[in-house]
């Protein structure tokens with residue numbers, strides 16, 4: 001299993017992260033598409049090669065090609081939106097919030113998978129990228145459609161742990177370079 005291979009890349013000081021990867025891989029509050037879409041979107045949002053490769057290999061055994069594409073699309077579109085909307089939130093001049101974004105975001109309206117799954121993945125990526133405005137927007141959509149808070153929390157936990165694992169592996173790779 002690729003999660004075990006990923007865990008093998010984490011040194012002893014990251015034991016908690018390794019154990020969290022294992023427990024999240026076995027999480028049952030999300031279905032496989034929701035869970036592995038979160039893993040995949042999170043890995044692509046961070047972009048650390050070994051993590052992306054191992055998570056993508058495992059996700060490919062559980063997700064349809066459409067879901068794989070949509071998870072990557074969530075990482076891509078949130079990579080843009082999180083920067084833009086976080087900037088608007090942080091800027092003192094609120095005039096910018098009244099201007100149209102003029103950015104293409106069609107994939108959000110038609111992601112090719114269940115819209116709520118895409119919203120979960122976008123929430124995880126928005127947490128990784130630190131955009132409170134986007135987290136609130138996606139969480140609001142999920143809550144409006146009755147998504148339980150434990151499912152939203154699971155997506156956030158996956159994003160956090162994939163981020164931590166990616167940072168550890170990137171740091172260890174840098175030490176060996």
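In UniProt numbering, the protein residues as written are 1 to 177. C-beta atoms are modelled at their ideal positions from N, C-alpha and C, and glycine is treated no differently.
Where residue 122 is concerned, the enclosing alpha helix (DSSP H) starts and stops at 115-129. Secondary structure at residue 163: helix, using DSSP grouped into helix, strand and coil. Between the alpha carbons of residue 26 and residue 162 lies a distance of about 14 angstroms.
In the three-state reduction of the DSSP assignment, residue 135 falls in the helix class. Here residue 72 is buried: its Cβ has 16 or more other Cβ atoms, across all protein chains shown, within 10 Å.
Under the three-state reduction of DSSP, residue 2 is assigned to helix. DSSP places residue 98 in the helix class (H, G or I) of the three-state scheme.
The three-state reading of DSSP puts residue 78 in helix, counting H, G and I together. In this structure residue 134 is not in contact with residue 96, their Cβ atoms being roughly 16 angstroms apart against a cut-off of 8 angstroms. About 19 angstroms separates the Cβ atoms of residue 103 and residue 123, ruling out a contact at the 8 angstroms cut-off. Restricting attention to 10, 56 and 50, the CA atom closest to the CA of residue 35 is found in 56.
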